[in-house]
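To start, the structure itself, in structure tokens.
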Amino acid sequence: MAVIAYLALGSNVGDRAATLAAALRALADADERIQVVRVSTWHETDPVGGPAGQGKYLNAAAAVHTTLDPLALLARLQEIEQAFGRVRTVRDGPRTLDLDILLFGDQIVAHREPGRTLLVPHPRLQERLFVLEPLAEIAADVVHPIFQATIATLLAEARQRLARRREACPGRELSGQRVLITGSTSGIGRAIALELAAAGADVIVHGRRSAARAEEVRRECQALGVRSVALLADLRQEAACAALAHQAWQVWQGLDVVVANAGADTLTGEAADWSFAEKLQLLWEVDIRATVALCRDLGQRLYDRGDGCLVTMGWDQAATGMDGASGQLFAVAKGAVMAFTLSLAATLAPHVRVNALAPGWIKTAWGETASAVWQERACREALLGRWGTPRDVATVARWLIGPNAAFVTGQVIRINGGAVRG
Ligand code: A4P
Ligand code: MG
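Counting from 1, position 57 in the sequence shown corresponds to residue 134 in the working numbering; the numbering is continuous, with no gaps.
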């Protein structure tokens with residue numbers, strides 16, 4: 078069946094205009110099952126990414142009518158690139174000709190095979206003005222099949238986001254970044270949401286079931302001058318994790334940062350009276366399984382898109398050991414999360430940074446009401462002689478996500494006031 082596919086053309090080496098014109102002729106001649114039906118004007122653009130000092134690009138978009146399947150079309154495009162002397166060296170490096178498939182009808186393709194990977198819609202399409210501006214000339218009303226938004230809308234959103242990133246200044250260093258923080262209606266999650274909003278990030282607040290609490294935090298974020306949306310999902314349900322990842326990715330056409338903070342409360346919530354085995358099951362479902370599922374799903378999306386940052390929530394004493402049933406339970410749950418984080422960092426490098434925060438004694442709901450014995454112990458074990466606060470964790474999260482931690486990945490960062498055993 079014939080479809081309309083949209084292609085991106087780019088060149089920044091040699092006679093760029095002649096190359097684009099010749100590439101379009103080669104496309105029409107390559108296969109009778111490809112007809113070029115519309116072409117944008119040429120756009121001269123500054124290089125995005127890649128080594129410094131490379132020349133400006135000439136970019137364009139074309140619509141083709143084709144009966145080829147998506148992989149066959151990709152093969153034709155790669156043959157043409159080769160014929161134009163394209164040599165693949167460094168990432169985002171200079172090229173005589175780059176031909177990408179942006180859209181293929183309303184199909185979503187995720188074919189992963191070494192040397193023959195094909196992702197359609199193109200995973201970076203929504204982020205790049207050098208693609209969206211020519212595409213909007215010939216396909217303004219075409220709807221992106223994942224984001225369900227028109228190309229004109231994606232262009233307007235991308236312009237706004239990039240303008241905000243350009244304006245990012247020291248006190249607002251996360252301007253234009255889109256962040257999901259799970260479990261952010263209270264405690265450490267809420268503190269991180271507010272801290273990142275204060276730094277200029279747009280924040281998706283997530284809660285388990287209280288729409289009112291999620292809405293309250295959403296308003297608090299919005300009051301800090303950023304966009305904020307609240308989503309509810311019970312992460313004990315596997316299907317709900319996938320749905321949350323999908324929904325969060327849709328809100329602003331992608332995310333830049335995910336903080337997988339949600340953890341089950343087995344100390345003060347309804348589960349406080351459950352048996353050891355029931356608590357273990359709950360921690361497995363929420364702290365481990367949901368964290369792994371969300372981070373794998375959103376991590377792959379960030380990786381395909383080409384950049385991003387993931388933060389998980391570990392626990393300082395998983396490494397040193399803590400007496401009692403709660404120590405054993407959290408050791409299992411948070412030890413697993415920290416170990417998983419390191420493997421995910423290795424998997425998603427070099428595009429996505431992945432780190433764990435490992436808080437020690439932080440005064441959240443349980444700390445507020447804990448007995449005198451625990452109050453004394455928390456202060457005694459910390460070299461700094463006090464409980465940590467949720468904001469102590471949030472300010473480290475802000476640094477870790479921000480530009481000053483650009484070389485930090487695969488780390489477990491302990492935030493424990495210098496805690497020692499004793
Ligand atoms: N691949 C996966 N999906 C697709 C798709 N939808 N279309 C695979 C085409 N190819 C797709 O591509 C690497 C692999 O991506 C291919 O083997 C294919 O199987 P590549 O062209 O060999 O390498 P690349 O150029 O590093 O990747 P890509 O995706 O073409 O790069 P980008 O993201 O397009 O960025 N700045 C300006 N101003 N203008 C530009 O045109 N282009 C880039 C390249 C960077 N900066 C730029 C421009
Ligand atoms: Mg390409």
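Glycine included, C-beta positions come from ideal geometry on N, C-alpha and C.
The structure displayed is predicted, hence computed values, not measured ones.
- Following the DSSP letters along the chain, one finds Glu-121 inside the beta strand (DSSP E) bounded by residues 120–122.
- Counting C-beta pairs closer than 8 Å gives three or more between the stretch 204–218 and the stretch 113–125, which meets the contact rule.
- In chain order, the residues positioned with their C-beta nearer than 7 Å to some heavy atom of the ligand MG are Asp-175, Leu-176 and Asp-177.
- Rounded to the nearest whole angstrom, the CA to CA distance from Val-388 to Asp-175 is 34 Å.
- As computed with DSSP, Pro-436 is found in a beta bridge with Ile-492.
- Cβ-Cβ separation between Glu-458 and Trp-476: approximately 24 Å, too far for a contact (criterion under 8 Å).
- Across the structure, Ala-317 and Ile-258 are spaced so that their CA atoms are roughly 15 Å apart.
- A direct Cα-Cα distance of roughly 21 Å separates Val-363 from Ala-474.
- Excluding residues up to 5 positions away in sequence, Arg-153, Glu-156 and Ile-157 lie with their Cβ nearer than 8 Å to the Cβ of Ala-107 in the same chain.
- Secondary structure note for Ala-79: it is in no alpha helix (DSSP H), with a DSSP letter that is neither H nor E.
- Residue environment analysis places Val-334 among the buried positions, since at least 16 neighbouring C-beta atoms fall within 10 angstroms of its C-beta.
- Ranked by how close their Cα comes to the Cα of Ser-287, the residues Ala-268, Leu-309 and Ala-276 have Leu-309 in first place.
- Across the structure, Ala-395 and Arg-249 are spaced so that their CA atoms are roughly 34 Å apart.
- The alpha carbon of Ala-423 has as its nearest neighbour, out of Leu-202, Glu-109 and Gln-488, the alpha carbon of Gln-488.
- No Cβ-Cβ contact shorter than 8 Å links Leu-460 with Gly-412.
- Within the same chain, Glu-362 and Val-363 come within 7 Å of Arg-313 by CB-CB distance, once the 5 residues on both sides are set aside.
- Secondary structure at Gln-299: helix, using DSSP grouped into helix, strand and coil.
- With a cut-off of 8 Å on Cβ pairs, the stretch 122–141 is in contact with the stretch 81–100, counting three or more such pairs.
- When Cβ pairs closer than 8 Å are counted between the two stretches, the stretch 233–250 is seen to touch the stretch 201–211, the count reaching three or more.
- Residue state for His-188 is assigned as strand, using DSSP reduced to three classes.
- Taken through DSSP and simplified to helix, strand or coil, His-142 comes out as strand.
- If you ignore the 5 residues before and after Asp-384, its C-beta comes within less than 6 Å of the C-beta of His-428, all in its own chain and listed in chain order.
- Proximity of the stretch 221–233 to the stretch 430–449 falls short of the contact definition, fewer than three beta-carbon pairs being nearer than 8 Å.
- Judged by their CB atoms, Gln-112 and Val-141 are nearer to each other than the 8 Å cut-off.
- Look at the stretch 252–332 and you find these whole runs of alpha helix (DSSP H), each 4 residues long or longer: 264–275, 288–299 and 315–328.
- The DSSP-derived three-state label of Met-390 is strand.
- A check of alpha carbon separations from Ala-471 across Tyr-83, Glu-292, Leu-271 and Ile-228 identifies Leu-271 as the nearest.
- When secondary structure is reduced to three states using DSSP, Arg-378 falls in the helix class.
- Ranked by how close their Cα comes to the Cα of Gly-302, the residues Arg-285, Trp-329, Ile-281 and Ala-274 have Ala-274 in first place.
- Taking 7 Å as the cut-off, one finds no heavy atom of the ligand A4P near enough to the beta carbon of Phe-161.
- In terms of side-chain proximity, the C-beta atom of Pro-222 is found no nearer than 7 Å to any non-hydrogen atom of the ligand A4P.
- Bridge partners of Asn-136 according to DSSP: Gly-87 and His-120.
- Bounds of any beta strand (DSSP E) do not take in Ala-395, whose DSSP letter is neither H nor E.
- Annotation for Ala-408: Ala-395 place their beta carbon closer than 6 Å to its own, counting only its chain and skipping 5 residues before and after.
- Gly-340 places its beta carbon less than 8 Å from that of Gly-260.
- Rounded to whole angstroms, Ile-81 and Ala-289 show a C-alpha spacing of 45 Å.
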